[in-house]
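The structure under discussion appears below in the form of structure tokens.
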Amino acid sequence: MPAHVSVFASEGSWIESDAVDQCHQVAALDGMVHVAGMPDLHPGKGAPIGAAMSSTVLYPHLVGSDIGCGIAVFPFALKRADPEKLAAKFPDLDVPVGPEWADAEDVPAGYLDGLGTVGRGNHFAELARVHEVLDAGHAQRLGLAAGDLVLIVHSGSRGLGERILRSHTEVHGAGPAADPADYLARHDAAVRWGSLNRRVIAARVAEALGAKPVEPIVDQCHNLVEVRDGVYLHRKGAAPGDGRDVLIAGTRGTPSYLVAAHAGDEAGRSVAHGAGRKMSRADALVRNKAKHTVEALRRPPTGSVVVCGDRQLLFEEAPGAYKRIEQVVADLVAHGLATPVVSTVPVVTYKTAERQGRR
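Structure, rendered in structure tokens:
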């Protein structure tokens, strides 16, 4: 019998049938116990994105290649927050840091390639402002107030996780891990590497903007596997939601929401990690080229600035390519999975560096 599938979304939410079909395909795998789809659920390569999948068997492909990808939030203190001036000061986060930024002995797996870089796709580093306090108690606990600045960093293991998955799939394809302990050891190193990378990115931005580097108040990985009572809880685009604080990312032209998560077993102890794609990248490229100019996407109505030298990426990542973040959060609240704490609005969003002649 296939495992039970639960999707935590309202009838009015945008959930593609292909994504639900993928959940049921995963549910039919040997050893599967339960599949929980989040309200940002959408199709992925071989497995749904926005899902928590419990099994007595460990399947590396359910976590995917970007092991350790997550979102961290760092308080930022700046005297002035002029979007144009700050955007011009952002460091080139496409270029890795040198050895002075990290002791190789302290870098997980000794992997130095790409350290301090954001990566492409939906990854970003964003200076944002706390727009609205939605739960005073939780906001006070986190030290946040309306008007505060925070740096939100969404990045992962920058090739390390891909190497780990490839070493498995070249031999076993989409099959289970032959040696779960060996996979988990390498997986855990990639998770630690992703967290370190987010901290290095934040330190680089702080140095460039004249802010003091600080520890994150939130840092949750959403591509990982946890072992609970002998069961493997795979998360792909789903953040740990059992008593954790989670930043649920919107788009470059919409708010994001920091929530206090309290999801139970039925939801795979997980919550959404972002708005979730509504269009494939190919569709978004075609549709948004017809609707938007490059300049309009670089200067959203929020008054923020998007630093992105890759025009194709601008169109692929346009706000309209994603679901409404407000609906995603509302679905989490309606199902009792999370309490919204604050909303944030972008000031400067870094996607990839501007290059000479590409402005």
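Residue 283 in UniProt numbering sits at position 283 of the sequence shown, and the numbers go up by one each step. Where is the CB? At the ideal position from N, CA and C, for every residue including glycine.
**Request:** Assign residue 305 to one of three DSSP states: helix, strand, or coil.
**Result:** The residue labelled residue 305 in the question sits at position 305 within the sequence shown. If DSSP states are grouped into helix, strand and coil, residue 305 belongs with the strands.
**Request:** Hey, could you find the ends of the alpha helix (DSSP H) residue 183 is sitting in?
**Result:** Taking the sequence shown and counting its residues from 1, one reaches residue 183 at position 183. From DSSP, the alpha helix (DSSP H) with residue 183 extends over 180-209.
**Request:** Quick one: grab the DSSP three-state call for residue 8.
**Result:** Within the sequence shown, residue 8 is the residue found at index 8, counting from 1. Coil, per DSSP.
**Asked** What separation, rounded to the nearest whole angstrom, lies between the Cα atoms of residue 129 and residue 136?
**Response** Here residue 129 corresponds to residue number 129 of the sequence shown, with the count starting at 1. Here residue 136 corresponds to residue number 136 of the sequence shown, with the count starting at 1. The alpha-carbon of residue 129 is positioned some 16 Å away from that of residue 136.
**Request:** To the nearest angstrom, report how far apart residue 110 and residue 40 are at their CA atoms.
**Result:** Locating residue 110 in the sequence shown gives position 110, where the first residue counts as 1. Locating residue 40 in the sequence shown gives position 40, where the first residue counts as 1. Between the alpha carbons of residue 110 and residue 40 lies a gap of roughly 34 Å.
**Message:** Suppose the cutoff is 6 Å on Cβ atoms and the five residues either side in sequence are ignored; what does the same chain contact list for residue 52 look like?
**Reply:** On the sequence shown, residue 52 is found 52 positions in, with the first residue counted as 1. The beta carbon of residue 52 sits closer than 6 Å to the beta carbons of 36, 235, 238, 268 and 270 from its chain, once the five residues preceding and following it are set aside; these are given in chain order.
**Request:** Pull up the distance between the alpha-carbon of residue 72 and that of residue 24, whole angstroms please.
**Result:** The residue labelled residue 72 in the question sits at position 72 within the sequence shown. The residue labelled residue 24 in the question sits at position 24 within the sequence shown. Pairing residue 72 with residue 24, the inter-Cα distance amounts to about 31 Å.
**Item:** Distance, residue 355 Cα to residue 263 Cα
**Value:** Position 263 of the sequence shown, counted from the start, is the residue given in the question as residue 263. Position 355 of the sequence shown, counted from the start, is the residue given in the question as residue 355. So the two alpha carbons sit approximately 43 Å from each other.
**Request:** May I ask you to list the residues that DSSP assigns as paired with residue 152?
**Result:** If you number the sequence shown from 1, residue 152 lands on position 152. DSSP, once it has assigned bridges, lists 73 and 126 as partnering residue 152.
**Request:** Report the residue from 272, 21 and 177 whose alpha carbon sits nearest the alpha carbon of residue 373.
**Result:** The structure shown does not extend to residue 373, since the chain is modelled only from 1 through 359, so no value can be given for it.
**Request:** Ignore the nearest five residues each way along the sequence and tell me which others in residue 28's own chain have a CB closer than 7 Å to its CB.
**Result:** For the purposes of this step, residue 28 is taken as the residue at position 28 of the sequence shown. 2.
**Prompt:** What's the C-alpha gap between residue 101 and residue 156?
**Reply:** The residue you call residue 101 lines up with position 101 of the sequence shown. The residue you call residue 156 lines up with position 156 of the sequence shown. Take the alpha-carbon of residue 101 and the one of residue 156: they are about 18 Å apart.
**Request:** Name the two residues that bound the continuous beta strand (DSSP E) containing residue 141.
**Result:** Reading the sequence shown from its first residue, position 141 is the one you call residue 141. Taken as a continuous stretch (DSSP letters only), residue 141 belongs to no beta strand (DSSP E), being part of the alpha helix (DSSP H) at 136-142.
**Prompt:** Where DSSP assigns a beta bridge to residue 352, which residues make up the other side?
**Reply:** Counted from its first residue, the sequence shown places residue 352 at position 352. For residue 352, which the question treats as bridged, DSSP gives the partners 308.
**Item:** Environment of residue 44 [buried if 16+ CB atoms lie within 10 Å]
**Value:** Start at 1 with the first residue of the sequence shown, and residue 44 comes out as number 44. Buried: at least 16 other Cβ atoms inside 10 Å.
**Request:** For my contact list, residue 191 and residue 68 are in at a C-beta cut-off of 8 Å; report their separation, rounded to the angstrom.
**Result:** Position 191 of the sequence shown holds residue 191. Position 68 of the sequence shown holds residue 68. Right, their Cβ atoms sit about 4 Å apart.
**Request:** Write down the C-beta distance between residue 212 and residue 206 rounded to the nearest angstrom, noting that I regard them as a contact closer than 8 Å.
**Result:** Translated into the one-based positions of the sequence shown, residue 212 becomes position 212. Translated into the one-based positions of the sequence shown, residue 206 becomes position 206. Contact flag correct, Cβ pair sits at about 6 Å.
**Prompt:** From the DSSP output, which residues share a beta bridge with residue 340?
**Reply:** Start at 1 with the first residue of the sequence shown, and residue 340 comes out as number 340. Beta-bridge pairing links residue 340 to 259.
**Prompt:** What does residue 95 pair with, by DSSP beta-bridge criteria?
**Reply:** Looking up residue 95 in the sequence shown gives position 95. Partner(s): none; residue 95 has no beta bridge.
**Request:** Could you tell me the boundaries of the beta strand (DSSP E) in which residue 235 lies?
**Result:** Sequence index remark: in the sequence shown, residue 235 carries index 235 (1-based). That run of the beta strand (DSSP E) goes 231-236.
**Request:** Give the straight-line distance between the Cα atoms of residue 342 and residue 296, rounded to the nearest whole angstrom.
**Result:** Reading the sequence shown from its first residue, position 342 is the one you call residue 342. Reading the sequence shown from its first residue, position 296 is the one you call residue 296. Taking the straight line joining both Cα atoms gives about 27 Å.
**Request:** Would you check if the distance between the CB atom of residue 365 and the CB atom of residue 349 is smaller than 7 Å?
**Result:** Within the shown structure, residues of the chain are numbered from 1 to 359, placing residue 365 beyond reach of any answer.
**Cβ shell of residue 174 (< 8 Å), same chain only, five flanking positions each side left out** = As a working note, residue 174 is residue 174 in the sequence shown. Result list for residue 174: 46, 59 and 61, in chain order.
**Request:** Flag this pair as touching only if the segment 273-285 and the segment 313-332 have three or more C-beta atom pairs under 8 Å; answer yes or no.
**Result:** Taking a cut-off of 8 Å for Cβ pairs, the segment 273-285 and the segment 313-332 touch, as three or more such pairs fall below it.
**Residue of 147, 18, 74 and 33 minimising C-alpha distance to residue 154** = On the sequence shown, position 154 is the one that residue 154 refers to. Of the listed residues, the one whose Cα sits closest to residue 154 is 74.
**Message:** Considering just the uninterrupted stretch of the beta strand (DSSP E) at residue 272, what are its terminal residues?
**Reply:** Looking up residue 272 in the sequence shown gives position 272. That run of the beta strand (DSSP E) goes 270-272.
**Request:** May I have the straight-line CA-CA distance separating residue 13 from residue 328, to the nearest angstrom?
**Result:** Translated into positions along the sequence shown, residue 13 becomes position 13. Translated into positions along the sequence shown, residue 328 becomes position 328. One alpha carbon belongs to residue 13, the other to residue 328, and they sit about 8 Å apart.
**Asked** So is residue 168 buried or exposed if we call it buried at 16+ other beta carbons inside 10 Å?
**Response** By 1-based counting over the sequence shown, the position of residue 168 is 168. It counts as buried.
**Prompt:** Thinking just about the alpha-carbon of each residue, which of 162, 77, 34 and 245 is nearest to the one in residue 148?
**Reply:** By 1-based counting over the sequence shown, the position of residue 148 is 148. With distances taken between CA atoms, residue 148 lies nearest to 77 out of 162, 77, 34 and 245.
**Asked** Got a sec? Which residues, its chain only, sit under 8 Å from residue 133 by beta carbon, not counting five neighbours each side?
**Response** Within the sequence shown, numbered from 1, the residue matching residue 133 stands at position 133. For residue 133, the CB contacts under 8 Å within the same chain, skipping 5 residues up- and downstream, are 139, 144, 145, 146, 341 and 342 in chain order.
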